[in-house]
Amino acid sequence: MNYEEALPFLRKNHKGVVSTTRPDGSTHSSIVVCGIYREKPTFVSVYPKSQKIENLRRNPNCTLVSVTGDWRNYAVVEGTVLMTDYDSFDNESMRIKLREAYMSCSDTPHPNWEEYDKAMVQQKAVIVSIDPRRVYGLLR
Numbered sequence: 720m721n722y723e724e725a726l727p728f729l730r731k732n733h734k735g736v737v738s739t740t741r742p743d744g745s746t747h748s749s750i751v752v753c754g755i756y757r758e759k760p761t762f763v764s765v766y767p768k769s770q771k772i773e774n775l776r777r778n779p780n781c782t783l784v785s786v787t788g789d790w791r792n793y794a795v796v797e798g799t800v801l802m803t804d805y806d807s808f809d810n811e812s813m814r815i816k817l818r819e820a821y822m823s824c825s826d827t828p829h830p831n832w833e834e835y836d837k838a839m840v841q842q843k844a845v846i847v848s849i850d851p852r853r854v855y856g857l858l859r
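Listed below in structure tokens is the structure:
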């Protein structure tokens, strides 16, 4: 499977697991909501001090596994991340980017965008996009 073949699957399946590398070399995995934002596999972390974000700041390599609800089909993306955060962009730019990222990782709009915007600023949310290096999986 190549990236172009995986894109339709990644666009419509938003449940995933991301794996990063801890300082001791062991793997840290956590569940994420994911999608395709600006043509890259993406997830949003609402806590910039989370273990996965701390790990990615030290080592930008990660693996994202996107799965169907029944766990029968999956796509794996390995690559290097690019993080978009409030340290790099002003609040209005981040508000727009976070809304776009949310919509790429969800099937429905947020029920209260004003509440969402406020929470993202308070939590200093981070958009994590992956530059794919290797893609594989099982799509039936």
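According to the working numbering, the sequence shown holds residues 720 to 859 in order. From the three backbone atoms N, C-alpha and C, an ideal C-beta is built for every residue, glycine too. The model shown is predicted, which means the values in this text are computed figures rather than measured ones.
#1: Report the option in Ala844, Pro851, Asp850 and Ser785 whose CA atom is closest to the CA atom of Ile815.
#2: Could you check what DSSP says for Glu773 in three-state terms: helix, strand or coil?
#3: Apply the 10 Å Cβ neighbour rule to Ser807 and answer buried if 16 or more other Cβ atoms are within range, or exposed otherwise.
#4: Tell me, please, which residues DSSP counts as bridged to Arg865.
#5: Who are Asn831's beta bridge partners in DSSP?
#6: Taking 7 Å as the cut-off, decide whether the C-beta atoms of Ala838 and Thr761 are in contact.
#7: Hey, quick one: how far does the beta strand (DSSP E) through Lys768 stretch, first residue to last?
#8: What does DSSP give as the partner residues of Arg669 in its beta bridges?
#9: From the DSSP secondary-structure annotation, give me the bridge partner or partners of Val840.
#10: Ile772 and Ser764 look like a contact to me (Cβ under 8 Å); what is the Cβ gap, rounded to whole Å?
If we stick to the structure as given:
#1: The sequence position of residue 815 within the sequence shown is 96, counting from 1. Cα-wise, what sits closest to Ile815 is Ala844.
#2: Translated into positions along the sequence shown, residue 773 becomes position 54. In this structure, Glu773 counts as helix in the three-state DSSP scheme.
#3: The residue labelled residue 807 in the question sits at position 88 within the sequence shown. Exposed, because fewer than 16 other Cβ atoms sit within 10 Å of the Cβ of Ser807.
#4: Any answer about residue 865 is impossible in this case: the structure gives the chain only from 720 up to 859.
#5: Along the sequence shown, read from residue 1 onward, the residue named residue 831 stands at position 112. DSSP, once it has assigned bridges, lists no residue as partnering Asn831.
#6: Position 119 of the sequence shown holds residue 838. Position 42 of the sequence shown holds residue 761. In this structure, Thr761 does not lie closer than 7 Å to Ala838 by Cβ.
#7: Taking the first residue of the sequence shown as position 1, residue 768 is located at position 49. Counting along the chain, Lys768 falls outside any beta strand (DSSP E), and DSSP gives it neither H nor E.
#8: Outside the modelled stretch of the chain, which goes from 720 to 859, sits residue 669, for which no answer is possible.
#9: Position 121 of the sequence shown, counting from 1, holds the residue named residue 840. Answer is none; Val840 lacks a bridge partner.
#10: Against the sequence shown, residue 772 aligns to sequence position 53. Against the sequence shown, residue 764 aligns to sequence position 45. Confirmed, about 5 Å.
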